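To keep things clear, I will list the structure first and then write my remarks on it.
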Amino acid sequence: MGLTVNIGKTKVVAFSKRKMKTNPKILWNGEELEVVDTYTYLGVIFHRNGHFSTAKSHFTSKAAAASAIVIGIFFLYCSPIWGLSLEEDQLEQPQCQFWKRLLRLPKSTPGYVVRLEIGSQHTSLLMVKATLRLICKILQEDDNTLLAQCLKWQLRWEPRISSAKRSWAKQLKKWLNLTEDGYLLSQPYDQLKNVFPEQTQLIIGKLTTFLLNKDTLLMTDSAWTPDYSKIKTHATTEKYLLQDPALPAAQTLAQTRVNLHRIVYKDKVAPLQDRAACPWCSLGKSSLNHYLFECNSLIDPRKSLQSNLSPNSHSQDFTHLYNNNNNNSNFCNAIFAFWSTAFSKLPKQSPQLPQSI
Numbered sequence: 002m003g004l005t006v007n008i009g010k011t012k013v014v015a016f017s018k019r020k021m022k023t024n025p026k027i028l029w030n031g032e033e034l035e036v037v038d039t040y041t042y043l044g045v046i047f048h049r050n051g052h053f054s055t056a057k058s059h060f061t062s063k064a065a066a067a068s069a070i071v072i073g074i075f076f077l078y079c080s081p082i083w084g085l086s087l088e089e090d091q092l093e094q095p096q097c098q099f100w101k102r103l104l105r106l107p108k109s110t111p112g113y114v115v116r117l118e119i120g121s122q123h124t125s126l127l128m129v130k131a132t133l134r135l136i137c138k139i140l141q142e143d144d145n146t147l148l149a150q151c152l153k154w155q156l157r158w159e160p161r162i163s164s165a166k167r168s169w170a171k172q173l174k175k176w177l178n179l180t181e182d183g184y185l186l187s188q189p190y191d192q193l194k195n196v197f198p199e200q201t202q203l204i205i206g207k208l209t210t211f212l213l214n215k216d217t218l219l220m221t222d223s224a225w226t227p228d229y230s231k232i233k234t235h236a237t238t239e240k241y242l243l244q245d246p247a248l249p250a251a252q253t254l255a256q257t258r259v260n261l262h263r264i265v266y267k268d269k270v271a272p273l274q275d276r277a278a279c280p281w282c283s284l285g286k287s288s289l290n291h292y293l294f295e296c297n298s299l300i301d302p303r304k305s306l307q308s309n310l311s312p313n314s315h316s317q318d319f320t321h322l323y324n325n326n327n328n329n330s331n332f333c334n335a336i337f338a339f340w341s342t343a344f345s346k347l348p349k350q351s352p353q354l355p356q357s358i
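In this text, residue positions in the sequence shown follow our numbering: the first is 2, and each later residue adds one.
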């Protein structure tokens, strides 16, 4: 008995240098097979043009995600022991630096913008979670074990030690005070064994909300990135990142959304500072709205962008344009097409990045 072909799962890729105007009609036992642009075989994406740029972007993004996990594994190793003494900004720095490099954001991009854009958990939250798990594990042990005795004496001596540098319990209390739960550590050890494990999930939930609200407040009050709060309408990962875009497309849209200092594509740079001249027309100011809506040298890229926008969404302001196309799955690729076409018009020798970036 031979194998049966699953028509629904069988796809045809017609390899050609240029996309054909009409796809060939291919039948199998009288049933038509779907012709597609890409097909994934053994984890590798094959594109109809015969190039592997799509596969490269796919594996690069996967490797980047894996790298972020590795950062967490190494950086948070034994963090309940040594990490409590660090300030929040110090804990968040490695993860933020990673995402800035990946998305080619300016070094001066605020950490709260990076976290809100990516929708990533705070590293400090992960550290506190690990610490609470460790404490709960110790509380389950016999009171005479070495770990239990260490925890007992840390908690007992915490009020008597003035410097947090010399007291692990005082460092822990600093974090728990953010959610007004520091009082738990002052309870007798026998009571703590019963109460603390019941409160851990509540503490984690409150700390999650606290840190998220802190980032949101910084965003809304920021004079550094004033336009970002107009397009950041929710505190989760941005939709375009969930659509598994090619890395260059994600980079250009992330830089456009953050709208800080410059847009970088390959080795070319477009400044986003009013005091700099437009690198295309040398007349207008180097602003996002000038590039997208005003520059006469970018008429062709602009037409391509507008053709991919939602109906009745044309605007002369990027924030309005973005909000009107927030549910448009093609918007990320449309922005990328605009920038890639625009940058192709610049000479190979790119302008230098400002020293402050």
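Quick reminder that beta carbons are idealized off the backbone N, C-alpha and C, glycines included. Since we're looking at a predicted model, the values are computed, not measured.
Check	Outcome
For a test of the three-state rule: what should DSSP assign to residue 39, helix, strand or coil?	strand
For residue 188, which option in 205, 37, 163 and 157 has the closest C-alpha, if you only look at C-alpha atoms?	157
Reducing DSSP to helix, strand and coil, say where residue 250 ends up.	helix
Enumerate in chain order the residues of its own chain whose CB-to-CB distance from residue 351 is below 7 angstroms, with the five nearest sequence positions on each side excluded.	Confidence at residue 351 is low in this model, with a pLDDT of 46, below 50, so its placement is unreliable and the value that follows should be read with caution. Counting only Cβ-Cβ distances below 7 angstroms, and skipping sequence neighbours, we find 268, 269 and 270.
Whole-angstrom Cβ separation of residue 80 and residue 131, contact assumed at under 8 angstroms?	6 angstroms
Run the CB neighbour count on residue 71, radius 10 Å, all protein chains shown included, and call it buried at 16 or more, exposed below.	exposed
Are the beta-carbon atoms belonging to residue 307 and residue 106 less than 8 angstroms from one another?	no
Where does residue 142 sit, in a helix, a strand or coil, going by DSSP?	coil
Which of the three DSSP states, helix, strand or coil, is assigned to residue 224?	coil
Under a Cβ-count criterion, where at least 16 other Cβ atoms within 10 Å of its own Cβ denotes burial, should residue 356 be classed as buried or exposed?	Legend: pLDDT at residue 356 = 40, less than 50; position of this residue unreliable, no value from coordinates given.
Output the residue ranges of the alpha helix (DSSP H) runs that lie fully inside the segment 161-222 and measure 4 residues or longer, sorted by chain position.	169-177 and 190-221
Using a Cβ-Cβ cut-off of 7 angstroms (strictly less than) and excluding sequence neighbours within five positions of residue 175, which residues of its own chain qualify?	165
What is the residue span of the beta strand (DSSP E) that residue 148 lies within?	Segment 147-158 is the alpha helix (DSSP H) holding residue 148; no beta strand (DSSP E) there.
Please name the residue in 217, 246 and 23 whose C-alpha comes closest to that of residue 36.	23
What is the C-beta distance between residue 204 and residue 323, in whole angstroms, given that I count them as a contact (C-beta under 8 angstroms)?	Actually they are not in contact, since the Cβ atoms of residue 204 and residue 323 sit about 37 angstroms apart, beyond 8 angstroms.
Whole angstroms is fine: what's the gap from residue 347's alpha carbon to residue 7's?	49 angstroms
Using 8 angstroms as the cut-off, can you tell me whether the segment 137-150 makes contact with the segment 220-228, which would need three or more C-beta pairs spanning the two stretches below that distance?	no
Drop a sphere of 10 angstroms on the beta-carbon of residue 210, count the other beta-carbons inside from all chains shown, and report buried for 16 or more, exposed for fewer.	exposed
Compute the Euclidean distance between the alpha carbons of residue 123 and residue 294, then round it to the nearest angstrom.	37 angstroms
What are the start and end residues of the beta strand (DSSP E) that includes residue 19?	Note, residue 19: premise wrong, no beta strand (DSSP E); not H, not E.
Skipping 5 residues on each side, what residues in its chain have a beta carbon closer than 8 angstroms to that of residue 15?	21, 24, 25, 36 and 49
Evaluate contact between the segment 86-105 and the segment 180-196, counting only Cβ atoms and requiring at least three cross-stretch pairs below 8 angstroms.	no
Am I right that residue 250 and residue 334 are in contact with their C-beta atoms under 8 angstroms? What's the rounded C-beta distance?	6 angstroms
Roughly how many angstroms separate the alpha carbons of residue 42 and residue 115, rounded to a whole number?	34 angstroms
Alpha carbon to alpha carbon, how far is residue 108 from residue 259? Give it in angstroms, no decimals.	12 angstroms
Select from 121, 177, 99 and 11 the residue whose C-alpha is nearest the C-alpha of residue 239.	121
Put residue 130 into one of helix, strand or coil per three-state DSSP.	helix
Assuming residue 265 is part of the alpha helix (DSSP H), what are its boundary residues?	Where residue 265 is concerned, there is no enclosing alpha helix (DSSP H), although the beta strand (DSSP E) it sits in stretches over 262-266.
With a CB to CB cut of under 6 angstroms and the five nearest residues on each side skipped, what residues in its chain are close to residue 13?	27, 34 and 36
Nearest to residue 341 by CA position, among 190, 32 and 302, is which residue?	302
What number of angstroms, rounded off, separates the C-alpha of residue 358 from the C-alpha of residue 235?	With a pLDDT of only 43 at residue 358, under the threshold of 50, the placement of this residue in the model should not be trusted, and no figure is reported.
On the three-state DSSP scale, how would you describe residue 26?	coil
Measure the C-alpha to C-alpha separation of residue 280 and residue 287 and round it to an integer number of angstroms.	8 angstroms
Quick one: residues in its chain with C-beta nearer than 6 angstroms to the C-beta of residue 76, no 5 flanking neighbours on either side, listed in chain order?	95
Would you kindly check if the distance between the Cβ of residue 171 and the Cβ of residue 162 is under 8 angstroms?	yes
Quick one: measure Cβ to Cβ for residue 266 and residue 254, integer angstroms, because I've assumed they're closer than 8 angstroms.	Wrong, their Cβ atoms sit about 12 angstroms apart, outside the cutoff.
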